[in-house]
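Protein chains in written order, with this note's numbering: chain A, 13 to 174; chain B, 113 to 893; chain C, 4 to 294.
Worksheet: the structure to be examined is printed underneath.
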Amino acid sequence: MSAKRQISVEVNGAPRQAEIEPRLTLADFLRHTLDLTGTHVGCEHGVCGACTVLIDGRSARSCLTFAVQVDGRALTTIEGLGPAPGMLGVLQEAFQRHHALQCGFCTPGMLTTLTELLNDNPDPTEDEVREVITGNLCRCTGYSGIVAAALDAARRLREGEA
Amino acid sequence: MGVKHFGARVTRLEDPALLTGRGRYVDDVKIPGMVHACFVRSAHGHALIRSIDAAAARQMAGVVAVLTADDLPAPMAGARMPMLVPNAAIAALRTQHCLARDEVCYVGQTVAVVIAESRYLAEDAAAMVDVDYDPLPAVSDCRAALEPGAPTAHRDLPDNLASAFRQSFGDVEAAFAGAPHVFRESLFQHRGGGMALETRGVVAHHDRPTDLLTVWSATQTPHIGRRMIADLLGRSPERIRVIAPDVGGGFGPKAIFYAEEAVIAAAALTLGVPVKWIEDRREHFLAATQERDQHWDVEIAVEADGRIRGVRGSLIHDTGAFVPWGVIMPYIASATVPGPYVLPAYRLDVKVALTNKVATTPVRGAGRPQAVFAMERLMDRVAQGLGLDPAEVRRRNFIQPEQMPYAVGLIFRDGKPLIYDSGDYPKAQAEALALADHAGFAARKAAALKAGRYIGIGLANYVEGTGLGPFEGVTVRVQQNGKVLVATGATNQGQGTRTTLSQIVADRLGCRIEDIEMSIGDTAAIANGVGAFASRQAVNAGSSAAMAAEVVRARVVQLAARALGVPEAEVAIEDGKAVAQSGNRPEVGFGDLARLSQGMPGFSMAAGDAPGLEHTAYFTPPQASYCSGTHVVEAEVDIMTGGVRLLTYCVAHDSGNLINPLIVDGQVQGGVAHGIGNALMEFMKYDENAQPVTTTFADYLMPMATDVPTCRITHVESPSPLNPLGVKGAGEGGTIPAAAAIVAAIEDALSPYGIRFSETPLTPERIVEALTAAGAYKRAS
Amino acid sequence: MKPAPFDYHAPQSLAEATGLLARLDNAKVIAGGQSLGPMMNFRYVIADHLVDLGGIAEIAGITLAGDTLRIGAMTRQRELEFSDLVARRCPLLKAALKQVGHRQTRNRGTFGGSVAHFDPASEQPMMCAAHDAVIEIASARGVRRVPFAQFGLDFMTTALAPDEILAAIEIPLWPQGHGWGFHEFARRHGDFAIVASAALLTLGPDGRIVRASLTLAGVAVVPVRLREAEAALVGRAPEPAVLGAAADLAGAIEPLADIHASVDYRRHLARVLTERALGDAAARAAARTTP
């Protein structure tokens with residue numbers, strides 16, 4: 013049987029350590045070892061995007077990453093996106109304003125993916141927003157609210173709203 | 113009373129928690145000592161089970177138990193699951209066992225369950241459960257299933273005919289006999305899934321001190337679930353609590369009660385530990401119910417000017433291996449055909465076939481998309497055949513607003529005569545066409561053709577029975593802390609039920625919306641409940657919320673008048689306070705009134721007073737309320753690849769009064785996306801042995817952000833006279849006509865080639881095949 | 004859908020990694036994990052040991068050596084997508100990479116991992132075929148260099164032995180001013196290609212084609228170079244009839260059928276997409292070579 017391994021990560025700015033089985037996916041590590049259940053698991057084969065988190069600022073499927081692989085890395089999950097725990101940031105507020113979520117299950121992946129996009133490209137076009145979220149399935153909204161929210165948040169962030 | 117919230121684009125109360133990762137879905141439930149389940153499922157479309165050897169699995173590290181049918185408690189062990197919607201027309205009342213006993217009838221059917229300390233360990237052990245199958249011939253296609261000599265989906269049934277019935281009115285023979293024109297179509301709509309992003313899931317926990325069995329389930333219908341669990345466990349419903357926490361999308365498949373819910377509840381009870389089962393996506397593809405799969409052969413008889421004389425034909429519906437939700441979908445389909453048109457005569461013969469595939473139960477639309485596809489394709493054939501504009505053919509046949517209420521001549525799925533309550537179909541079509549600049553389309557198409565581009569426009573109309581009974585309840589209770597508790601049997605899988613009910617209660621009661629606390633999806637919160645399906649919650653729960661709030665408001669006024677020493681007429685209510693409109697305007701808060709409503713220990717209540725500042729209302733609709741609308745789509749086809757791009761998508765939607773346009777628009781847009789999936793992409797393929805083939809999101813294609821245009825939406829508001837809010841359901845209308853409109857647009861784009869399409873999903877390959885047959889690629893040489 | 008248990012190894016050097024592979028039974032190498040991850044979650048792949056190449060800096064990165072682009076196996080797809088060097092010197096590769104999966108998978112997925120995984124519909128083995136890449140393979144036994152034509156053997160099967168690691172891909176660059184075209188048909192953005200076609204052309208001073216590369220992906224168990232069509236192009240002016248004739252040869256292949264597409268449809272797409280790719284390549288070559 014596989015030997016457990018000790019890992020140390022920084023999650024939403026806080027150091028966390030755990031001893032885990034190598035086969036534990038990063039998604040299960042976050043959700044069930046650390047109780048950060050804001051990250052969702054929708055397909056476990058890397059298509060739906062609900063489990064997307066940021067690893068050193070880069071979006072990644074946490075269902076296709078083993079927790080042992082992120083030893084020493086900094087992770088950001090939906091719980092860490094706002095200015096303070098439970099508070100909404102500019103992108104999250106835009107999601108509420110534009111009805112960019114219904115059931116909320118794809119939302120963590122949408123928010124992490126778009127957070128990366130807006131960091132990389134503060135002024136994306138609608139086509140760029142749509143293309144980047146092709147990696148995230150949403151069954152509820154038909155995407156229009158999400159696209160509108162991303163463009164609105166980008167504008168507000170450019171105009172200095174923090 | 114002030115109307116501050118009803119009709120406003122109120123942002124959702126659900127959102128802050130969901131946007132910060134503080135939602136609470138079933139897989140977020142964690143109980144000390146909880147163990148994890150993995151089901152062993154049939155690998156065969158049809159087989160006998162010779163034996164199940166779980167000895168090796170039981171020996172594995174971390175395994176708590178392996179349960180097969182015989183290990184389940186009575187009466188569940190031997191019983192088939194209850195039929196949820198029985199109907200006299202069902203010949204083969206066949207539902208499945210919770211765990212298969214000696215026969216499996218579809219790939220993915222539950223055979224055994226492994227319980228272990230983690231899902232990882234449970235999967236390790238499930239792979240070691242050795243099931244010895246004796247494969248039987250399987251039937252995969254519903255038309256083949258009804259052929260003489262076809263293999264039977266169940267070994268003990270004489271054939272695969274689950275049900276046969278006829279819908280008819282008028283003199284159909286006469287309508288066709290004298291008709292100047294008759295047009296025929298054979299149509300097929302393929303099955304797909306609900307494919308909520310959250311799969312199904314169950315956590316069950318038996319609390320010994322209180323003997324309460326609590327079951328968290330990602331379900332649309334917790335109250336129905338409690339009844340089923342009570343029956344299957346032979347247990348008092350009082351000792352069962354079912355909670356639908358935050359649910360990550362429903363779309364129909366989570367409305368039915370599943371074997372897994374019963375088995376996990378039984379396992380928790382039997383083993384004495386909390387048990388969690390979270391369906392994985394592969395299981396969802398195999399074992400969550402699906403829908404569409406209908407073959408239609410229909411014809412329409414029309415006058416020379418395109419007015420309809422009659423429609424007749426037949427329909428074969430694939431119910432899969434079981435009939436858990438009765439024959440609702442083909443029934444609804446048969447009753448949806450007439451749509452917004454004056455149809456003098458109609459006859460449809462319906463056959464429901466058993467096959468060795470997972471059962472079909474309602475998926476967003478529930479039989480209506482197929483019926484609308486059939487009727488609207490026929491209307492397009494009339495237009496093509498008579499050389500008329502498709503919009504004009506429809507205009508000539510509309511039921512006019514002054515004909516409302518309009519009796520169609522059928523009995524609907526709710527057992528009541530099919531009577532449209534309100535609607536303005538000509539207006540909806542006119543507004544949708546205007547949104548789409550239909551008038552300018554001919555010029556756009558000509559310009560595009562000149563540039564070598566093929567664009568087309570398509571439209572489709574529909575009428576949808578929504579707001580079905582029997583009831584939904586809402587309790588409104590003013591609490592001593594001044595907060596208002598609203599409890600309901602309605603459930604929330606993303607529809608914003610909490611927000612819309614809060615809007616209604618805040619207005620009708622006179623409190624601040626942020627002072628409302630909602631208890632939703634919990635059988636402990638209200639005695640009776642039904643749940644989410646058939647676009648029924650705004651009508652049922654919304655009306656109950658209004659009724660309950662008004663009763664409580666009257667009590668508030670009565671108590672406040674007494675407390676403030678003024679006549680009731682001088683009491684105004686605002687923001688959770690009662691304010692006297694005289695003197696120095698003394699006021700009293702809801703919290704104090706709630707205390708007053710409890711009386712004083714030992715003292716008598718005032719005459720006529722009921723204890724508590726609360727009321728529960730159960731609205732029971734007299735019949736369905738009929739939502740309607742028109743979709744107009746502009747599409748471009750790359751004739752060389754068959755690729756389709758939707759350029760614009762316009763919707764005129766009439767669901768009566770709007771409680772929250774922000775939410776209704778979201779329902780329409782999301783419904784359209786689902787319809788686009790059905791029209792162009794989603795294909796749940798089974799091979800000839802009924803083995804599912806498309807069981808990943810890489811093979812089963814859901815629409816992405818680049819596939820779904822932002823809809824232009826306009827609302828035609830024809831209030832329903834059947835409920836106090838004048839509302840109708842809005843959750844499915846976006847999906848229902850989408851496939852019909854999109855396929856029409858593609859046909860129109862390819863009009864230079866005169867190609868006709870009659871199936872969905874319409875794939876690029878199929879388009880190229882048709883273009884090839886039409887000679888589109890022939891070289892000039 | 005949880006993976007079977009395994010032991011995890013995170014070597015920090017190529018030598019350490021090849022040493023592990025030489026020693027361990029039933030070991031699987033993980034690079035970006037975007038293809039292996041799903042296969043492990045579905046338990047299509049069950050390994051006793053997982054050797055993670057993520058910590059081996061020496062096999063990551065893009066370098067230019069003369070007219071050869073050297074891509075370390077662990078170079079993330081994202082890095083290639085946004086590389087100025089790739090955009091400038093190997094624009095076909097950049098165009099193809101934009102079609103690989105999605106932002107999130109390109110952040111993790113590696114070029115070497117994809118080539119080693121060898122999915123027949125993947126753009127990355129296809130790029131190796133189009134450019135006549137050389138694959139550098141390391142093991143405890145030493146380093147060997149294999150021309151791509153001899154690397155891909157069969158459906159998802161390569162010349163890599165169980166103890167070997169794909170260390171780098173060397174792509175001989177086409178001269179400045181070459182023309183390129185890439186057309187892919189997938190059902191949705193980021194899906195594997197039903198058919199993809201890539202074209203590279205160089206024109207001589209007289210405007211005639213002096214060199215051509217035509218490659219299809221998604222049609223067979225390995226990427227297909229259309230040698231006959233390439234030969235037919237050389238020496239001809241890139242006129243529509245000439246390009247069309249070459250595309251006809253693309254449409255004459257014997258493709259595979261699967262749940263995504265039939266033989267006929269793939270053949271049709273091969274012709275259409277090759278004609279489009281060739282058209283783009285010819286236009287770009289003409290625009291760059293003629294002043």
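Even for Gly, the Cβ is constructed at its ideal location relative to N, Cα and C.
Predicted, not measured: the structure shown is a model, and the values here were computed from it.
| query | result |
| --- | --- |
| Residue range of the unbroken alpha helix (DSSP H) whose run includes Ser-156 (chain A) | 156–170 |
| The stretch 96–122 of chain C: positions lying closer than 7 Å to chain A by Cβ | His-105, Arg-106, Gln-107, Thr-108, Asn-110, Arg-111 |
| Listed by chain order, chain A residues near Ile-775 (chain B) by CB distance under 9 Å | His-111, Gln-114 |
| Range covered by the beta strand (DSSP E) that runs through Asn-141 (chain C) | The sequence shown places Ala at residue 141 (chain C), rather than the Asn named in the question. First-last of the beta strand (DSSP E) with Ala-141 (chain C): 137–142. |
| Under 7 Å by beta carbon: chain B residues contacting Ser-265 (chain C) | Glu-877 |
| Whole-number beta carbon distance between Thr-609 (chain B) and Ala-602 (chain B), since they are thought to touch under 8 Å | 5 Å |
| Through-space distance from Asp-83 (chain A) to Glu-19 (chain C), alpha-carbon basis | 19 Å |
| CB contact below 7 Å: Phe-9 (chain C) versus chain A | yes |
| Residue environment, Lys-562 (chain B), which counts as buried when at least 16 other CB atoms sit within 10 Å | exposed |
| Residues of the stretch 393–414 of chain B whose Cβ lies closer than 9 Å to any Cβ of chain C, in chain order | Arg-393, Arg-394, Glu-395 |
| Cβ-based burial, Asp-87 (chain C) [other Cβ within 10 Å; buried from 16] | exposed |
| Cβ-based burial, Lys-366 (chain B) [other Cβ within 10 Å; buried from 16] | buried |
| Reduced DSSP category for Ala-692 (chain B) - H, G, I as helix; E, B as strand; rest coil | strand |
| Neighbourhood of Ile-59 (chain C) by C-beta, 7 Å cutoff - its chain only, sequence neighbours within 5 removed | Pro-14, Gln-15, Ser-16, Leu-17, Ala-20, Met-77 |
| Amino acids of chain B, ordered along the chain, whose beta-carbon sits closer than 7 Å to that of Val-275 (chain C) | Met-752, Thr-753 |
| Members of the stretch 800–830 of chain B near chain C, C-beta cut-off 9 Å | Val-805, Thr-806, Thr-808, Ala-810, Asp-811, Leu-813, Met-814, Pro-815, Met-816, Ala-817, Thr-818, Asp-819 |
| Host alpha helix (DSSP H) of Lys-539 (chain B) (start-end) | 537–547 |
| Bridge partner(s) assigned by DSSP for Asp-277 (chain B) | Here the sequence assigns Phe to residue 277 (chain B), which means Asp is not the residue at that position. Looking at the DSSP assignment, Phe-277 (chain B) forms a beta bridge with B:Val-462. |
| Supposed contact pair Gly-641 (chain B) and Thr-635 (chain B) - C-beta distance, whole angstroms, cut 8 Å | 7 Å |
| Where the stretch 217–232 of chain B meets chain C: residues whose CB sits under 9 Å from a CB there | Ser-230, Arg-231, Tyr-232 |
| Contacts that Glu-748 (chain B) makes with chain C (C-beta to C-beta distance below 8 Å) | Within 8 Å Cβ-Cβ: nothing; Glu-748 (chain B) doesn't reach chain C, min ~15 Å. |
| Cα-Cα separation between Glu-31 (chain A) and Thr-37 (chain A), rounded to whole angstroms | 13 Å |
| 8 Å Cβ shell around Phe-809 (chain B) - same chain, five flanking residues per side excluded | Arg-393 |
| For Leu-381 (chain B), the nearest candidate out of B:His-407, B:Gly-360, B:Arg-351, B:Glu-403 (CA to CA) | B:Arg-351 |
| Any C-beta of chain A under 7 Å from that of Thr-132 (chain B) | yes |
| Boundaries of the alpha helix (DSSP H) in which Cys-93 (chain C) is found, first to last residue | Note, Cys-93 (chain C): premise wrong, no alpha helix (DSSP H); not H, not E. |
| Contacts of Ile-65 (chain C) in chain B (Cβ-Cβ under 9 Å) | Going along chain B, no residue has its Cβ under 9 Å from Ile-65 (chain C), so there is no contact; the nearest lies around 29 Å. |
| Cβ neighbour criterion (16 or more within 10 Å) applied to Asn-468 (chain B) | buried |
| Closer than 7 Å to chain C by CB, Val-880 (chain B) | yes |
| Distance CB(Ser-446 (chain B))-CB(Gln-279 (chain B)) smaller than 7 Å | yes |
| Below-7 Å beta-carbon distance, Thr-293 (chain C) vs any chain A residue | Per-residue confidence for Thr-293 (chain C) stands at a pLDDT of 40, beneath the threshold of 50, marking its modelled position as unreliable; no derived number is given. |
| Contacts that His-192 (chain C) makes with chain B (C-beta to C-beta distance below 7 Å) | Met-816, Thr-818 |
| Local conformation of Pro-529 (chain B) per DSSP, three classes | strand |
| Residue interval of the beta strand (DSSP E) (run including Cys-150 (chain B)) | 147–153 |
| Straight-line Cα distance separating Ile-161 (chain B) from Asn-652 (chain B) | 45 Å |
| Nearest candidate by alpha-carbon position, reference Gly-182 (chain C), set C:Arg-91, C:Ala-288, C:Val-32 | C:Ala-288 |
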